[in-house]
Structure formats: C-alpha cells, structure tokens
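Report on the structure given below.
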Amino acid sequence: MQHPVSDLDPFSKAYFDDPYPAQDRLREAGDAVWLSRYGVWATARFQHVRAMLFDWKTFCSSRGVGLSDFAKEAPWRPRSIVLEVDPPVHGRARGVLNRVLSPAAMKRLEARFAAAADTLVDELLERQHFDAIADLAEAYPLSVFPDALGMPRENRDYLLPYGNMVFNAFGPRNAFFDKAVENAAPVLDWLGKQMRRDALAPEGFGAEIHAAVDTGELTAEEAPLVVRSLLTAGVDTTVNGLGAALYCLARYPDQWQALRADPSLAKAAFEEAVRFESPVQTFFRTTTRDARIGEVEIQEGQKVLMFLGAANRDPRQWENPEIYDIRRKTIGHVGFGAGIHMCVGQMLARLEGEVVLAALARKVASIDIVGTPQRRYNNTLRGLSSLPVEIRAA
Ligand code: OVM
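Under my numbering, read the sequence shown as residues 73 to 466, first letter to last.
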C-alpha cells in the first residue's frame with residue numbers, strides 16, 4: 073500500500089501548543105494521510121476538506137463526527153438529530169433550526185445584542201485591566217445567548233463545562249476528555265432539565281423549536297434534542313470565535329488600527345479570525361463506500377479526520393495564510409464547515425462577533441496584552457483560557 077502515514081497525535085498538548093508545523097507536514101505528505109496512532113485517515117488540504125463536506129453520501133455523519141464509530145460503539149450521549157444524522161432524517165431538525173436562526177430572526181435580536189455589547193465594553197473600559205476571555209469572550213455570549221434561547225436562570229454557567237465536555241468527546245478518550253467529564257453528573261442532570269418545553273420561556277429559540285411539535289415537524293421526543301443542539305453548539309463555539317478575534321486584534325496592532333479607522337470592518341475582522349484560528353479545528357466523517365481523496369483510495373467504513381483549521385491555512389488556497397488580514401476575501405473558508413451541515417448558527421455567531429468588535433472599535437483606543445496568554449486544551453476547540461489585557465478609552 074503506497075500511502076502517506078503519520079504518527080502525529082493531533083489531540084496532544086504538544087500539537088495544540090503549536091499545530092502549524094504538523095499541519096504543514098500533513099498537507100505536504102499527500103492528499104490523505106493514515107494516522108497510525110488512531111487508525112484513521114485524515115486530510116489537511118482545503119480542496120479535499122471542502123469536497124468531503126459537500127459529499128455527505130460518501131462521507132457520512134450518521135456514524136458520528138468524532139473518533140468513535142457509532143456502527144461499532146454506542147454514542148456516549150443520545151445522538152444529535154442534527155449533527156450526527158444524514159438526509160433524509162437530517163432535513164427535519166435542520167429545517168426547524170434554519171427557521172429559528174434565520175436572517176429575519178437575527179434582525180429582531182440585533183438592537184438588543186448591540187446594546188449589550190456597548191454596555192459590556194463600557195464596563196470594561198472602567199476597569200481597564202481584565203481577562204479578555206473570561207470577562208469578554210465568555211461573558212458576552214453568556215449575557216445574550218441564554219436569554220435569546222429562553223433558558224431558566226439557574227446554573228447558566230454550566231453551558232461552558234457542558235460544551236467543553238461535548239467538544240472533547242469528539243476526540244479520543246484522553247486526559248483532556250477525562251478531565252472534562254470529571255464532574256459530568258450534575259451538569260448532565262441540569263442539561264436534561266433545560267431542554268424541556270416547560271423549562272423554557274414562552275418566547276425564544278427554545279419555545280420556537282418546541283412549537284414545531286404542534287405543526288408536526290418534530291415529535292415531542294425530538295424537540296428537546298434539537299434544543300440540546302443549541303445548548304451544546306451555541307456558546308463554546310462563539311466564545312472561542314470571539315476569543316480568537318480579540319487575540320488577533322491584540323497581537324496585530326496594524327489590524328486593530330485598521331478596524332478603529334473603519335468600524336464597519338468589524339464583521340470582516342471576526343470572519344478573518346474564524347479563518348485564522350478556526351475555533352472548531354476538526355471533525356470526522358465515516359466512509360459509506362469505497363472512496364478516493366485525490367490519489368488516495370479509502371475503503372468503506374473508515375473514519376476520516378477533516379482538518380478545518382489546516383484547510384483554512386492551506387497555501388494552495390490562501391495567499392499568506394499565516395497573516396491575519398481583516399481586508400482579506402475570506403469567502404469559502406471552512407471554519408463554519410460547508411454543505412448540508414454547515415453551521416446553522418453562523419449568523420448568530422457573526423452578529424455577536426460584529427457587535428462586540430464594533431463596540432470596541434468605536435470606544436477603545438488600544439488593547440495591550442499584559443500577561444501570558446493561557447491556552448485551553450480541547451480535542452476539537454482551539455482557544456485560550458486566559459488573555460490578560462489592558463484597554464484605554466478612545
Ligand atoms: C449538536 C452539536 C454538538 C456540537 C457541535 C455541533 C458544531 C452540534 O449537539 O447538535 O455543531
């Protein structure tokens with residue numbers, strides 16, 4: 073068998089600390105590479121990641137989008153009926169979420185989300201010194217998303233440990249996973265209660281999902297699971313997207329100045345941060361039949377790891393990919409995926425990113441890193457746990 077092989081562990085601390093040299097090697101090794109440690113295929117090239125995302129008939133999601141193959145192992149939690157299914161099942165829950173998170177729905181949230189961003193940035197300007205992750209990248213989504221969903225108030229901060237658990241669970245059962253599920257019981261117990269129709273406010277994403285039971289789009293058993301998808305995918309992802317943008321703008325002062333000079337670039341600055349850091353780094357697919365990735369032949373029933381982050385830095389696709397450039401044409405990046413499973417919350421994420429960065433651009437003169445950034449280790453998500461900063465008012 074003539075195919076590239078690598079013993080890289082893409083779920084290790086060493087890799088997370090500096091993934092770029094390993095990503096370069098994977099991309100250069102071939103169209104697809106056998107990862108011998110895990111017995112899975114992988115591709116780090118943009119062209120192939122993109123093609124896989126569109127070819128759901130060959131590269132399915134219904135056997136799980138993590139390392140575990142649902143055809144061989146029971147899922148660790150009841151499977152998501154959006155993420156971990158294929159058409160035609162996928163279309164029903166997805167259709168409901170498309171409507172709940174539609175552009176019209178986003179328009180209705182815009183003023184409230186922008187006001188919350190302004191208020192938070194004003195508070196942070198009073199403090200000057202703060203942690204850009206805890207006090208902004210986490211605090212902002214937690215101040216708007218649970219209300220938009222209509223969640224009960226109690227234990228809303230469980231959203232972060234819960235997300236950390238699920239995104240670690242897409243990888244191997246390593247030390248990062250073990251740590252994330254250490255105190256799972258109370259969080260999972262809480263989660264079960266948040267999904268129910270009677271727990272959710274009469275207005276909000278949650279109520280709108282449950283209303284799809286009345287129209288026959290979802291069954292009463294399915295609706296709580298669709299709410300669970302929002303609880304799972306709605307916070308940690310955005311936290312790391314915002315964290316990525318803040319880390320970029322703090323590191324690259326010329327880009328920060330460009331944003332200040334033209335706050336209408338806020339949306340673009342967020343999008344480029346999603347490309348540049350790729351908060352969701354990887355997902356798997358499973359082959360439903362014999363397949364090809366470029367020149368490499370892959371048999372039916374194989375797990376294939378898509379390196380979204382590496383694809384977003386593939387020099388075959390991007391000019392100077394390692395440069396954060398808010399004027400870049402980011403169209404086509406796979407930070408939100410692509411094809412039928414492409415992030416259903418992307419417009420909500422962009423709204424949050426845009427209003428936070430626009431508020432900063434209008435009100436803040438400088439962002440300085442005043443302590444050592446700390447990385448948060450997660451099998452799927454890339455981001456920091458701490459970014460001490462000092463800001464000055466414009
Ligand atoms: C879900 C789900 C969970 C994690 C991520 C995600 C990025 C979806 O439960 O449906 O999308």
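Built from N, CA and C at the ideal position, the CB exists for glycine as well. All values derive from a computational prediction rather than experimental measurement.
- Between the C-alpha atoms of Leu169 and Gln74 there is a straight-line separation of about 44 Å.
- Phe277 places its beta carbon less than 9 Å from that of Gly222.
- The DSSP assignment places complete alpha helix (DSSP H) segments of no fewer than 4 residues inside the segment 379 to 447 at 380 to 383, 418 to 435, in order along the chain.
- Setting aside the 5 residues that flank it on each side, Leu181 is surrounded in the same chain by Ala220, Leu423, each with a C-beta closer than 7 Å to its C-beta; the list follows chain order.
- Short of 6 Å from the beta carbon of Val238, and not among the five residues preceding or following it, lie these beta carbons of its own chain, in chain order: Thr304.
- If you look at Ile281, you'll find it in the alpha helix (DSSP H) that goes 277 to 286.
- In the three-state DSSP reduction, Thr291 falls in the coil class, being neither helix nor strand.
- DSSP, reduced to helix, strand and coil, places His201 within a strand of the structure shown.
- Excluding its 5 nearest sequence neighbours in each direction, Glu462 has C-beta neighbours in its own chain below 6 Å: Gln200, His201, Asp440, Val442, listed in chain order.
- Boundaries of the beta strand (DSSP E) around Ala114: 112 to 115.
- The Cβ neighbour count for Ser134, taken over all protein chains shown within 10 Å, is at least 16; the residue is labelled buried.
- A straight-line Cα-Cα distance of about 27 Å links Ala165 and Asn450.
- In this structure, the C-beta of Arg323 stays at least 8 Å away from each heavy atom of the ligand OVM.
- Thr360 is not bridged by DSSP to any residue.
- Along the segment 290 to 351, the alpha helix (DSSP H) occurs as fully enclosed runs of 4 or more residues at 294 to 305, 308 to 323, 325 to 333, 338 to 349, listed in sequence order.
- Listed as beta-bridge partners of Gly455 by DSSP are Arg448.
- Here Ser215 really is in contact with Ala188; their C-beta atoms are around 5 Å apart, less than 8 Å.
- C-alpha of Val436 to C-alpha of Val112: approximately 47 Å in a straight line.
- Distances between the C-beta of Phe239 and the heavy atoms of the ligand OVM include at least one below 8 Å.
- Residue nearest to Val427 within the set Phe355, Phe342, Val154, Ile153 is Phe342 (criterion: CA-CA distance).
- A direct Cα-Cα distance of roughly 15 Å separates Val376 from Asp79.
- Taken from the Cβ of Val121, every heavy atom of the ligand OVM lies 8 Å or farther away.
- The closest heavy atom of the ligand OVM lies 8 Å or more from the beta carbon of Glu293.
- In this chain, Leu107 is not harboured by any alpha helix (DSSP H); it is covered by the beta strand (DSSP E) spanning 105 to 107.
- In this structure, Val161 has its beta carbon at no less than 8 Å from each heavy atom of the ligand OVM.
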